[in-house]
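Asks:
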Amino acid sequence: MTDEAAAIVQDLDAEGRLYADMLGLARSQREAVARKDYEAVASLLDRKQALMERIEAIEKRLGPAKQGWPELKARLSEEEVRAVQARVEAVGATLKLLMAEEEGVRADLARMQNSVGAELRNLMQSRKGTKAYGGPGVGKPDPRFFDRKE
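When you line the sequence shown up against our numbering, it's residues 1 to 150, in that order.
Below you can see the structure in the form of structure tokens.
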């Protein structure tokens with residue numbers, strides 16, 4: 001295999017592994033959202049961002065090969081072309097799974113956001129109700145702040 005083809009295959013393999021890692025993180029993120037583990041969700045988002053930066057670096061390296069694929073393909077042997085195409089198809093399949101999982105994550109996060117919003121509205125309404133009806137300690141002066149006549 002030529003150095004050029006080997007470099008492309010190596011980058012595609014690395015990209016495929018990174019997308020597979022992203023898929024695992026997306027699945028973990030859905031589980032964290034279901035548990036309402038907001039710290040885990042934030043941590044997973046940070047990890048996904050780090051993977052995306054690595055993927056972007058690989059995409060930058062692969063850019064010329066993708067743009068000049070017809071010319072590159074003409075220079076490569078049939079075996080090398082098949083190897084590159086197999087990797088491209090594998091990355092595409094993983095990416096398709098990742099996109100479906102990410103869509104589920106987005107829906108889960110939207111539900112989580114709506115749930116938190118509803119909880120906050122309920123909390124605010126219950127506080128207003130307590131104030132309006134003079135519940136315990138509401139509207140009564142705190143005796144710690146009054147001077148005592150002695």
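Quick reminder that beta carbons are idealized off the backbone N, C-alpha and C, glycines included.
By how many angstroms is the C-alpha of Thr2 removed from the C-alpha of Val81?
Replies: Taking the straight line from one Cα to the other gives about 11 Å.
Asks: Short of 8 Å in beta carbon distance, which residues of its chain neighbour Lys48, apart from the five on each side in sequence? Order them along the chain.
Replies: Closer than 8 Å at the Cβ level, and outside the excluded window around Lys48, lie Met22, Leu25, Ala26 and Gln29.
Asks: Unbroken alpha helix (DSSP H) runs of length 4 or more, entirely within the stretch 43–111: which are they?
Replies: You should have 69–75.
Asks: I need the straight-line Cα distance from Tyr19 to Val91, nearest angstrom please.
Replies: Going by the C-alpha atoms only, they are around 8 Å apart.
Asks: Taking its Cβ as the centre, do 16 or more other Cβ atoms sit within 10 Å of Ala93, making it buried, or is it exposed?
Replies: By the 10 Å Cβ count, Ala93 comes out exposed.
Asks: Run the CB neighbour count on Glu31, radius 10 Å, all protein chains shown included, and call it buried at 16 or more, exposed below.
Replies: With fewer than 16 Cβ atoms within 10 Å of its Cβ, Glu31 is classed as exposed.
Asks: Using CA coordinates, which residue listed in Ser115, Asp11, Leu72 and Ala118 is at the minimum distance from Leu62?
Replies: Closest option to Leu62, Cα to Cα, is Asp11.
Asks: Taking only the alpha-carbon atoms, compute the straight-line gap between Glu78 and Val9 and give it to the nearest angstrom.
Replies: If you take the alpha carbons of Glu78 and Val9, they lie about 14 Å apart.
Asks: In this structure, does DSSP put Met124 in helix, strand or coil?
Replies: Note: Met124 maps to helix in three-state DSSP.
Asks: Grab me the residues of Leu95's own chain with a C-beta within less than 7 Å of its C-beta, minus the 5 sequence neighbours each way, in chain order.
Replies: Closer than 7 Å at Cβ, skipping near neighbours: Tyr19.
Asks: So Ala14 packs on Leu76, CB below 8 Å; how close in whole Å?
Replies: Their Cβ separation, rounded to whole angstroms, is 19 Å, which puts Ala14 and Leu76 out of contact at 8 Å.
Asks: Please report the distance separating the alpha-carbon of Glu39 from that of Leu45.
Replies: In a straight line, the C-alpha of Glu39 is about 10 Å away from that of Leu45.
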